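In order, the protein sequence lines correspond to chains A and B.
126 is the number of the first residue of the first sequence in the working numbering; add one for each residue after it.
126 is the number of the first residue of the second sequence in the working numbering; add one for each residue after it.
The next block holds one structure in the form of structure tokens; read it before the comments.
Number of protein chains: 2
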Amino acid sequence: MGERAVVLLSGGLDSATVAAIALAQGRTLTALSFDYGQRHRYELEAAREVASALGILDHRVVQLGLSSIGGSALTADLPVPKDALGQAGIPVTYVPARNTVFLSVGLGLCEVVGAFELYFGANALDYSGYPDCRPAFVQAFEALANVATKAAAEGRGHFRIHAPLMEMSKAQIIQRGTELGLDYGLTHSCYDPPSRTLHCGHCDACQLRRRGFLEAGIADPTHYAS
Amino acid sequence: MGERAVVLLSGGLDSATVAAIALAQGRTLTALSFDYGQRHRYELEAAREVASALGILDHRVVQLGLSSIGGSALTADLPVPKDALGQAGIPVTYVPARNTVFLSVGLGLCEVVGAFELYFGANALDYSGYPDCRPAFVQAFEALANVATKAAAEGRGHFRIHAPLMEMSKAQIIQRGTELGLDYGLTHSCYDPPSRTLHCGHCDACQLRRRGFLEAGIADPTHYAS
């Protein structure tokens, strides 16, 4: 049994790949998903199916009432942009401080299960303009983790935040997951999904996903509405 | 109308004092409380009454399912220690990464309401052994805030994390709040309260509160069960 780690598992393509990479590195994983009032709640079903397919026995889903602070097209009543990839600026699908909140809860879970390794799917290339997906953010969070916690305060270990996809293109991510035997048909990326089995095909997440399979030269198992 | 700020308001003595201090500094406040499965949920009622008494019009309560990760006597089914103040080590009432999670959500709320000032009641002297109540933690979080957010990424401002109680004793905190006209009878500190109007008198929080009023030479409005 490898060293224990926590992985943030959204049910999307990236986090599923991160989980597969951590398992390949010999970690024993606890997966953590969030029910935060997201429009695209099908991803929680996807997270459960991915965890099960990867043999992750410990999967926690934490409720976060982020919709009560609003501010994002993913949680509030704003339209999800379509065919808008590459437009300047940070898109309205940005959820305020989302990765900071998710990593914070992940850090708490690390303390509870005795892990010092925390994995998540931040990606600086295909990051769609989100500030909390960059190396400087990961470094700052790692520094915080090592002064914020009982485990670190008591000298029982040093936290490391792993973002193994940071420098990879979507195509490289898909290639790596495919090598590891990951079934991407289980994953869910769409921000505005017509159903669990259907992707809209036009939100930023769908466009990145579609293009990723194309560039990887790997058959895309996704069903797009159009 | 002063500069907008967010204050973490638990309903306890410390955070109520922080809110009064921020108002005295001329801030326009949004108060943020958490419903995180805490045993001492009476503090949420206290938070509402404190916000109302201070004239804070915008008060958000965010649900956090921290009990699903467990690990603390404040959220899990562990007994709250009594008459244990001063014992070595970090107490079991420590909630894993709680302040990190709370500040992260507070940071998100700052982004939504357009604030760059975030206040909370961390205190290094009476902190009962919690690692996330120290200056190094506050500094690390401020560094994180300034790389984590859309507002900072777009150069619209610089986040500051304010912990005005950091170097104050409980007696000094009570003296300051009393000068500012705060009604401590509305606040709730007890970790294991018999009722909204009664404090147990023996958990760490009650012992610190009781001693604080005594040392401040100010009449204690609290009703203790024993």
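Glycine included, every Cβ here is placed at the ideal spot set by N, Cα and C.
Bear in mind that the values here come from a model prediction, so they are computed numbers and not experimental data.
{"Asked": "Does the stretch 167-175 of chain B come into contact with the stretch 147-161 of chain A, if we say contact requires no fewer than three beta-carbon pairs (one atom in each stretch) closer than 8 Å?", "Found": "no"}
{"Asked": "Looking only at its chain, what residues have a beta carbon closer than 6 Å to the beta carbon of L243/A, apart from the 5 residues adjacent to it on each side?", "Found": "V131, G231, C235, I286"}
{"Asked": "Considering just the uninterrupted stretch of the beta strand (DSSP E) at Y375/A, what are its terminal residues?", "Found": "Since the first and last residues shown for chain A are 126 and 351, residue 375/A lies out of range."}
{"Asked": "From the DSSP output, in three-state form, read off I194/B for me.", "Found": "coil"}
{"Asked": "Specify whether the stretch 257-272 of chain B and the stretch 304-320 of chain B touch according to this definition: at least 3 beta carbon pairs, one from each stretch, less than 8 Å apart.", "Found": "no"}
{"Asked": "With distance defined between alpha-carbon atoms, name the residue in Q264/B, P289/B, V238/B, S320/B nearest to Q150/B.", "Found": "P289/B"}
{"Asked": "Between the stretch 225-240 of chain A and chain B, which residues of the former have CB atoms less than 7 Å from a CB of the latter, in chain order?", "Found": "T225, V226, S229, V230, L232, G233, L234, E236, V237"}
{"Asked": "Can you tell me the Cα-Cα spacing of R334/A and L179/A, whole angstroms?", "Found": "21 Å"}
{"Asked": "Hey, out of P346/A, I146/A, R129/A, whose CA is closest to V237/A's CA?", "Found": "R129/A"}
{"Asked": "Only counting the same chain, and skipping five residues up and downstream in sequence, which positions put a Cβ closer than 7 Å to that of A147/A?", "Found": "A130, V132, L154, Y244"}
{"Asked": "Using CA atoms only, rank isn't needed, just tell me which of P318/B, A261/B, L189/B is closest to A330/B.", "Found": "P318/B"}
{"Asked": "Nearest to M291/B by alpha carbon, out of V226/B, L182/B, A247/B, I343/B?", "Found": "A247/B"}
{"Asked": "Apart from the five residues on each side of it in sequence, which residues of its chain come closer than 8 Å, Cβ to Cβ, to T322/B?", "Found": "H348"}
{"Asked": "Just curious, the alpha helix (DSSP H) that R336/B is in, first and last residue?", "Found": "329-341"}
{"Asked": "For P262/B, decide whether its Cβ has a neighbour in chain A, counting only Cβ atoms nearer than 7 Å.", "Found": "Reading off the sequence, residue 262/B comes out as Phe, not Pro. Yes, F262/B lies at the interface with chain A (some Cβ there is under 7 Å from its Cβ)."}
{"Asked": "Can you name, in chain order, every residue of its own chain whose Cβ lies under 6 Å from the Cβ of I181/A, other than the five neighbours on each side?", "Found": "L154, A156"}
{"Asked": "Please identify the residue among I194/B, L191/B, V187/B whose C-alpha is closest to the C-alpha of S193/A.", "Found": "V187/B"}
{"Asked": "Considering R129/B, what are the terminal residues of the beta strand (DSSP E) in which it resides?", "Found": "129-133"}
{"Asked": "Look at the Cβ atom of P256/B, then the Cβ atom of A278/A, and state whether they are nearer than 7 Å.", "Found": "yes"}
{"Asked": "Distance, Cα to Cα, Y316/B vs L138/B?", "Found": "13 Å"}
{"Asked": "Going by DSSP, what residue range makes up the alpha helix (DSSP H) through R223/B?", "Found": "223-238"}
{"Asked": "Of all Cβ atoms in chain B, is any one closer than 7 Å to the Cβ of F266/A?", "Found": "yes"}
{"Asked": "Just the C-alpha distance for L134/B and G282/B, rounded to the nearest angstrom, thanks.", "Found": "24 Å"}
{"Asked": "Is A240/A near the ligand MN, in the sense that its beta carbon is under 6 Å from a heavy atom of that ligand?", "Found": "Absence of the ligand MN from the depicted structure is noted, as is the absence of any ligand whatsoever, leaving it without description."}
{"Asked": "What are the uninterrupted segments assigned as beta strand (DSSP E) that are 3 or more residues long and contained completely in the stretch 255-306 of chain A, given in chain order?", "Found": "285-287"}
{"Asked": "Among the candidates K275/A, R259/A, G280/A, G326/A, whose CA atom is the shortest distance from the CA of T274/B?", "Found": "R259/A"}
{"Asked": "Show which residues of chain A have a CB atom less than 7 Å away from the CB atom of Q188/B.", "Found": "Q188, G190"}
{"Asked": "Any idea which residues DSSP pairs Y349/B with across the strands?", "Found": "H324/B"}
{"Asked": "Distance cutoff 7 Å, beta carbons only. Does D183/A sit that close to anything in chain B?", "Found": "no"}
{"Asked": "Distance check for G326/B and D345/B, CA to CA, integer angstroms please.", "Found": "12 Å"}
{"Asked": "Between I299/B and G337/B, is the Cβ-Cβ spacing less than 7 Å?", "Found": "yes"}
{"Asked": "Closer than 8 Å by C-beta to A350/A: which residues in its own chain qualify, once you throw out the five before and the five after it? Chain order, please.", "Found": "P319, L323, H324, C325, G326"}
{"Asked": "What in chain B is Cβ-close to D257/A, meaning under 7 Å?", "Found": "A273"}
{"Asked": "Just list the residues that DSSP pairs A156/B with in beta bridges.", "Found": "V132/B, H184/B"}
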